[in-house]
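Top line first, the protein sequences correspond to chains S and R.
For what it's worth, our numbering labels the leading residue of the first sequence as 14, then goes sequentially.
For what it's worth, our numbering labels the leading residue of the second sequence as 14, then goes sequentially.
There are 2 protein chains.
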Amino acid sequence: MSDVVDPRLPASPEAPKGRGKSRPLKIAEEMKDWIVVRGLQPGDRLPGERELIERFQASKGTIREALRVLETQGLVRSRTGPGGGTFVEALSGAKAMELLGNYFFFQNPTIGDIYAVRRILEPEMAASVAGRLAEADFKRLEQTMQIYVEPPQDLEEERRQRHAELDFHSILVDYCPNPVLAFMCRFLQSLLRDLTVCKRIYEEPNPDLRESGLSYQVRLLRALRRQDAAAASEIMFEHMCTAQRYMEEREAVLQAKFLQVPD
Amino acid sequence: MSDVVDPRLPASPEAPKGRGKSRPLKIAEEMKDWIVVRGLQPGDRLPGERELIERFQASKGTIREALRVLETQGLVRSRTGPGGGTFVEALSGAKAMELLGNYFFFQNPTIGDIYAVRRILEPEMAASVAGRLAEADFKRLEQTMQIYVEPPQDLEEERRQRHAELDFHSILVDYCPNPVLAFMCRFLQSLLRDLTVCKRIYEEPNPDLRESGLSYQVRLLRALRRQDAAAASEIMFEHMCTAQRYMEEREAVLQAKFLQVPD
DNA sequence: AGATATTTGTTCGTATGTATT
DNA sequence: TAATACATACGAACAAATATC
Numbered sequence: 014m015s016d017v018v019d020p021r022l023p024a025s026p027e028a029p030k031g032r033g034k035s036r037p038l039k040i041a042e043e044m045k046d047w048i049v050v051r052g053l054q055p056g057d058r059l060p061g062e063r064e065l066i067e068r069f070q071a072s073k074g075t076i077r078e079a080l081r082v083l084e085t086q087g088l089v090r091s092r093t094g095p096g097g098g099t100f101v102e103a104l105s106g107a108k109a110m111e112l113l114g115n116y117f118f119f120q121n122p123t124i125g126d127i128y129a130v131r132r133i134l135e136p137e138m139a140a141s142v143a144g145r146l147a148e149a150d151f152k153r154l155e156q157t158m159q160i161y162v163e164p165p166q167d168l169e170e171e172r173r174q175r176h177a178e179l180d181f182h183s184i185l186v187d188y189c190p191n192p193v194l195a196f197m198c199r200f201l202q203s204l205l206r207d208l209t210v211c212k213r214i215y216e217e218p219n220p221d222l223r224e225s226g227l228s229y230q231v232r233l234l235r236a237l238r239r240q241d242a243a244a245a246s247e248i249m250f251e252h253m254c255t256a257q258r259y260m261e262e263r264e265a266v267l268q269a270k271f272l273q274v275p276d
Numbered sequence: 014m015s016d017v018v019d020p021r022l023p024a025s026p027e028a029p030k031g032r033g034k035s036r037p038l039k040i041a042e043e044m045k046d047w048i049v050v051r052g053l054q055p056g057d058r059l060p061g062e063r064e065l066i067e068r069f070q071a072s073k074g075t076i077r078e079a080l081r082v083l084e085t086q087g088l089v090r091s092r093t094g095p096g097g098g099t100f101v102e103a104l105s106g107a108k109a110m111e112l113l114g115n116y117f118f119f120q121n122p123t124i125g126d127i128y129a130v131r132r133i134l135e136p137e138m139a140a141s142v143a144g145r146l147a148e149a150d151f152k153r154l155e156q157t158m159q160i161y162v163e164p165p166q167d168l169e170e171e172r173r174q175r176h177a178e179l180d181f182h183s184i185l186v187d188y189c190p191n192p193v194l195a196f197m198c199r200f201l202q203s204l205l206r207d208l209t210v211c212k213r214i215y216e217e218p219n220p221d222l223r224e225s226g227l228s229y230q231v232r233l234l235r236a237l238r239r240q241d242a243a244a245a246s247e248i249m250f251e252h253m254c255t256a257q258r259y260m261e262e263r264e265a266v267l268q269a270k271f272l273q274v275p276d
């Protein structure tokens with residue numbers, strides 16, 4: 014029998030089990046504290062393995078496991094050779110999203126769940142970049158739009174266009190000054206990219222989606238050029254609502270198809 | 014994007030390519046793919062160490078490092094003893110937040126950054142729970158509010174009250190049907206809990222914060238009782254704006270103090 | 001309760017790979 | 001080319017935990 018983990022169950026403030034951690038995990042914690050206490054910054058070097066063995070009173074294998082733990086958390090990076098060693102690293106956004114993606118792999122959110130959040134975050138993001146774009150930045154955005162200004166010739170181009178549309182949003186986020194908002198917008202985009210349902214939808218022709226998306230983005234850029242944050246937010250909101258309706262409709266169609274031909 | 018990895022026989026005896034990832038990291042990836050391909054669910058057991066050594070052609074130490082990687086990612090859990098072994102696990106929300114917290118440790122967002130997002134997510138969350146609360150759930154929320162219905166007698170009670178206020182939001186999220194929205198709301202709450210600036214603010218008396226928070230929450234519960242999602246959203250928005258203003262003001266005061274007495 | 005079997009957890013000695021000098 | 005300093009990898013032996021009988 015498997016303890017079913019209730020997805021809704023919260024991260025309760027008090028962990029039910031404080032015990033049960035293996036030694037390498039505990040040593041990894043100690044190392045993390047040690048790094049923080051010493052105020053080590055990204056780029057700084059940790060002591061060599063032998064010294065770590067001394068300091069944390071554990072064997073080479075255990076130390077190595079602990080280092081690997083920190084490495085998968087994206088906090089350190091090891092290099093071989095002289096002058097090599099283990100170095101503190103700032104966790105990259107990409108890595109953070111990868112780790113977080115594992116969580117939603119089991120949660121398996123619906124398209125509606127994602128868009129419900131995206132619908133309110135993306136407008137806020139759009140508003141936050143108003144007045145922060147130089148002419149070169151507008152050029153960059155328009156260049157991306159060029160990829161899907163014409164209807165696609167085949168399914169491969171169709172797929173490339175869908176991705177370019179997501180790229181448009183991703184580029185926009187580059188200029189968002191709020192790191193929390195930026196991360197969350199980007200993460201939702203990556204969730205959409207990875208969702209199998211979305212992949213299936215993107216594999217089919219979506220002429221309406223392309224056309225409406227394009228028109229929204231043109232309007233959005235106009236609003237941003239005149240540094241009108243409120244308008245940008247409003248336009249993005251409409252865009253998201255339209256996209257959500259479209260995606261959910263397609264999802265329903267695909268599910269109906271799947272139910273009709275169950276294997 | 015990710016090619017399907019042949020489940021068996023990964024590495025040739027001598028892998029002349031050491032580019033980038035270390036071997037344990039690569040083996041961890043292979044294991045993950047192997048788990049996905051076999052459709053293993055949380056609770057399912059992985060082969061024992063000896064068999065893994067056979068299957069992935071690596072030494073015990075390397076296999077253990079790979080397992081540790083998956084363990085820190087929250088994907089597996091190992092137990093000793095007969096009937097023990099390594100088991101697939103669903104990444105818990107708490108663990109996911111911990112991992113994600115490492116990212117924002119370096120990003121170091123301001124209170125304003127966090128509230129800018131919280132201000133729009135919490136209202137959406139409040140609206141989403143309207144009509145989903147039974148009488149027992151209201152009782153639970155009111156019980157939490159009891160903790161700070163009276164002004165605190167000392168600083169310790171002050172701190173307990175601040176945490177109870179965050180708990181109120183956390184409990185509310187329990188009933189949010191959208192896993193993405195729920196996770197993000199909870200994560201922002203945990204970010205606030207951990208931010209050192211916030212800790213310092215919470216350590217001081219905040220009579221205004223308590224009183225205004227309490228009144229908003231009373232109004233919120235009333236709206237939820239009559240299942241008025243729009244009102245709940247509106248009230249929560251006001252609550253967040255007020256809280257943000259208050260926190261930023263306190264932050265400014267603390268910073269001024271800090272600058273005046275720099276050690 | 002106690003013995004035992006099973007499985008992970010830890011250690012150590014040694015060997016190999018890699019990059020600098 | 002050789003010497004070096006460092007991480008990386010391997011395998012055997014031992015320790016600890018925990019079911020079952």
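Glycine residues also receive a C-beta, built at the ideal position from the N, C-alpha and C atoms.
Inset, instruction - For arginine 199 (chain S), I'd like the list of residues in its chain whose CB is within less than 6 Å of its CB, leaving aside the five on either flank, ordered along the chain. - result: In the first sequence, residue 199 (chain S) corresponds to position 186, counting from 1. For arginine 199 (chain S), where only same-chain residues beyond five positions count, the Cβ hits under 6 Å are Val186.
Legend entry - CB contact below 8 Å: phenylalanine 151 (chain R) versus chain S: Working through the second sequence from its first residue, we reach residue 151 (chain R) at position 138. No, no contact with chain S.
Inset, instruction - Please check if any C-beta of chain S sits within less than 8 Å of the C-beta of asparagine 219 (chain R). - result: Here the question's residue 219 (chain R) lines up with position 206 in the second sequence. Not closer than 8 Å to any Cβ of chain S, the Cβ of asparagine 219 (chain R) fails to qualify, so no.
Inset, instruction - Taking 8 Å as the cut-off, decide whether the C-beta atoms of tyrosine 161 (chain R) and arginine 223 (chain R) are in contact. - result: As a working mapping, residue 161 (chain R) is identified with position 148 in the second sequence. As a working mapping, residue 223 (chain R) is identified with position 210 in the second sequence. In this structure, arginine 223 (chain R) lies closer than 8 Å to tyrosine 161 (chain R) by Cβ.
Legend entry - Residue range of the beta strand (DSSP E) that includes threonine 99 (chain R): As a first step, residue 99 (chain R) is located in the second sequence; it is residue number 86 there, counting from the start. Counting along the chain, the beta strand (DSSP E) containing threonine 99 (chain R) begins and ends at 98-101.
Legend entry - Straight-line gap, arginine 36 (chain S) to valine 82 (chain R) (C-alpha atoms, nearest Å): Counted from its first residue, the first sequence places residue 36 (chain S) at position 23. Counted from its first residue, the second sequence places residue 82 (chain R) at position 69. Distance between the alpha carbons of arginine 36 (chain S) and valine 82 (chain R) is about 14 Å.
Legend entry - Interface partners of methionine 197 (chain S) on chain R, CB under 7 Å: Working through the first sequence from its first residue, we reach residue 197 (chain S) at position 184. Ordered by position in chain R, the residues that pass the 7 Å Cβ test against methionine 197 (chain S) are Val130, Met197.
Legend entry - Residues, ordered as in the chain, of the region 82-98 of chain S that lie near chain R by beta-carbon distance below 9 Å: Val82, Leu83, Glu84, Thr85, Gln86, Gly87, Leu88, Ser91, Thr93
Legend entry - Closer than 8 Å to chain S by CB, isoleucine 127 (chain R): Looking up residue 127 (chain R) in the second sequence gives position 114. At least one chain S Cβ lies under 8 Å of isoleucine 127 (chain R).
Inset, instruction - Only counting runs of 4 or more residues, tell me where the alpha helix (DSSP H) segments fall wholly within the region 147-228 of chain S, in order along the chain. - result: 148-159, 168-187, 192-207, 209-215
Inset, instruction - Output the boundary residues of the beta strand (DSSP E) element that contains arginine 92 (chain S). - result: Taking the first residue of the first sequence as 1, we reach residue 92 (chain S) at position 79. Start and end: 89-92.
Inset, instruction - For the alpha helix (DSSP H) holding alanine 140 (chain S), just list the boundary residues, first then last. - result: For the purposes of this step, residue 140 (chain S) is taken as residue 127 along the first sequence, with counting starting at 1. Start and end: 124-142.
Legend entry - Bridge partner(s) assigned by DSSP for arginine 58 (chain R): Along the second sequence, one-based indexing puts residue 58 (chain R) at 45. In the DSSP output, where bridge partners are listed per residue, arginine 58 (chain R) has R:Phe100.
Inset, instruction - Would you grab the beta carbon distance between threonine 85 (chain S) and serine 91 (chain S) for me? Rounded to a whole angstrom, and I think it's under 8 Å. - result: For the purposes of this step, residue 85 (chain S) is taken as residue 72 along the first sequence, with counting starting at 1. For the purposes of this step, residue 91 (chain S) is taken as residue 78 along the first sequence, with counting starting at 1. Going by Cβ atoms, the distance from threonine 85 (chain S) to serine 91 (chain S) rounds to 12 Å, so no, they are not a contact pair.
Legend entry - Under 8 Å between C-beta atoms of leucine 179 (chain S) and leucine 134 (chain S): Counted from its first residue, the first sequence places residue 179 (chain S) at position 166. Counted from its first residue, the first sequence places residue 134 (chain S) at position 121. Not closer than 8 Å, so no.
Legend entry - Interface partners of aspartate 144 (chain S) on chain R, CB under 8 Å: As a first step, residue 144 (chain S) must be located in the first sequence, where it is residue number 131. Checking the displayed sequence, the identity of residue 144 (chain S) turns out to be glycine instead of aspartate. Neighbours of glycine 144 (chain S) on chain R: none; closest Cβ ~16 Å, over 8 Å.
Legend entry - Any non-hydrogen atom of the ligand SAH closer than 7 Å to asparagine 115 (chain R) Cβ: The ligand SAH is not part of this structure, which contains no ligands at all.
Legend entry - Anticipated Cβ contact below 8 Å, methionine 158 (chain R) with leucine 204 (chain R), distance rounded: Position 145 of the second sequence, counting from 1, holds the residue named residue 158 (chain R). Position 191 of the second sequence, counting from 1, holds the residue named residue 204 (chain R). Actually they are not in contact, since the Cβ atoms of methionine 158 (chain R) and leucine 204 (chain R) sit about 23 Å apart, beyond 8 Å.
Legend entry - Pick from R:Ala149, R:Arg175, R:Glu148, R:Leu233 that is closest to glutamate 247 (chain R), judged by C-alpha positions: For the purposes of this step, residue 247 (chain R) is identified with residue 234 of the second sequence, where counting begins at 1. For the residues R:Ala149, R:Arg175, R:Glu148, R:Leu233, the minimum Cα distance to glutamate 247 (chain R) belongs to R:Leu233.
Inset, instruction - Report buried or exposed for serine 15 (chain R), applying the criterion of at least 16 other Cβ atoms within 10 angstroms of its Cβ. - result: Translated into the one-based positions of the second sequence, residue 15 (chain R) becomes position 2. Because serine 15 (chain R) sits at a pLDDT of 38, beneath the cut-off of 50, its placement in the model cannot be relied upon, and the point is left open.
Legend entry - Collapsed DSSP secondary structure at glutamine 268 (chain S) in the structure displayed: The residue you call residue 268 (chain S) lines up with position 255 of the first sequence. Note: glutamine 268 (chain S) maps to helix in three-state DSSP.
Inset, instruction - Kindly indicate if chain R contains any beta-carbon less than 8 Å away from that of serine 15 (chain S). - result: Along the first sequence, read from residue 1 onward, the residue named residue 15 (chain S) stands at position 2. The pLDDT assigned to serine 15 (chain S) is 35, lower than 50, so where the model puts this residue is not dependable; a value taken from the coordinates is nonetheless given after this. Cβ-Cβ to chain R under 8 Å: yes for serine 15 (chain S).
Inset, instruction - Give the single residue among S:Tyr188, S:Lys152, S:Gly87, S:His176 whose Cα lies nearest to the Cα of glycine 56 (chain S). - result: Along the first sequence, read from residue 1 onward, the residue named residue 56 (chain S) stands at position 43. Looking at the Cα atoms, S:Gly87 is the closest of the given residues.
Legend entry - Beta-carbon neighbours of glutamine 120 (chain R), restricted to chain S and to distances below 7 Å: Here the question's residue 120 (chain R) lines up with position 107 in the second sequence. Within 7 Å Cβ-Cβ: Pro192.
Inset, instruction - List the residues of chain R that glycine 74 (chain S) touches, going by C-beta distances under 8 Å, in chain order. - result: Position 61 of the first sequence, counting from 1, holds the residue named residue 74 (chain S). By Cβ distance, chain R contributes Gly74, Arg77.
Legend entry - Min CB distance glutamate 27 (chain S) to chain R below 8 Å: Taking the first residue of the first sequence as 1, we reach residue 27 (chain S) at position 14. Per-residue confidence for glutamate 27 (chain S) stands at a pLDDT of 26, beneath the threshold of 50, marking its modelled position as unreliable; the derived number appears in the next sentence. Answer no: the Cβ-Cβ gap between glutamate 27 (chain S) and chain R never drops below 8 Å.
Legend entry - Supposed close pair valine 197 (chain R), valine 130 (chain S) - CB separation, criterion 8 Å: Here residue 197 (chain R) refers to the residue found at position 184 of the second sequence. Here residue 130 (chain S) refers to the residue found at position 117 of the first sequence. Strictly speaking, residue 197 (chain R) in this sequence is methionine, with valine absent from that position. With a Cβ gap of about 7 Å, methionine 197 (chain R) and valine 130 (chain S) count as contacting.
Inset, instruction - Determine the closest residue to glutamine 174 (chain R) out of R:Arg235, R:Ala269, R:Glu217, with distance taken between C-alpha atoms. - result: On the second sequence, position 161 is the one that residue 174 (chain R) refers to. Of R:Arg235, R:Ala269, R:Glu217, the residue nearest in Cα terms is R:Glu217.
Inset, instruction - Starting from the C-beta of leucine 267 (chain S), find all residues in its chain whose C-beta is less than 8 Å away, skip the five residues before and the five after it, and write them out in chain order. - result: If you number the first sequence from 1, residue 267 (chain S) lands on position 254. Contacts found: Val210, Arg213, Ile214.
Legend entry - Same chain, Cβ closer than 7 Å to isoleucine 48 (chain S), neighbours up to 5 away in sequence not counted: Taking the first residue of the first sequence as 1, we reach residue 48 (chain S) at position 35. The answer, listed in chain order, is Val101.
Legend entry - DSSP-derived helix/strand/coil call for alanine 256 (chain R): The count along the second sequence starts at 1 and reaches residue 256 (chain R) at position 243. Of the three classes helix, strand and coil, the one that applies to alanine 256 (chain R) here is helix, per DSSP.
Inset, instruction - To the nearest angstrom, report how far apart leucine 65 (chain R) and glycine 94 (chain S) are at their CA atoms. - result: If you number the second sequence from 1, residue 65 (chain R) lands on position 52. If you number the first sequence from 1, residue 94 (chain S) lands on position 81. Between leucine 65 (chain R) and glycine 94 (chain S), the C-alpha separation is close to 30 Å.
Inset, instruction - With DSSP as the reference, label proline 95 (chain S) as helix, strand or coil. - result: Taking the first residue of the first sequence as position 1, residue 95 (chain S) is located at position 82. In this structure, proline 95 (chain S) counts as coil in the three-state DSSP scheme.
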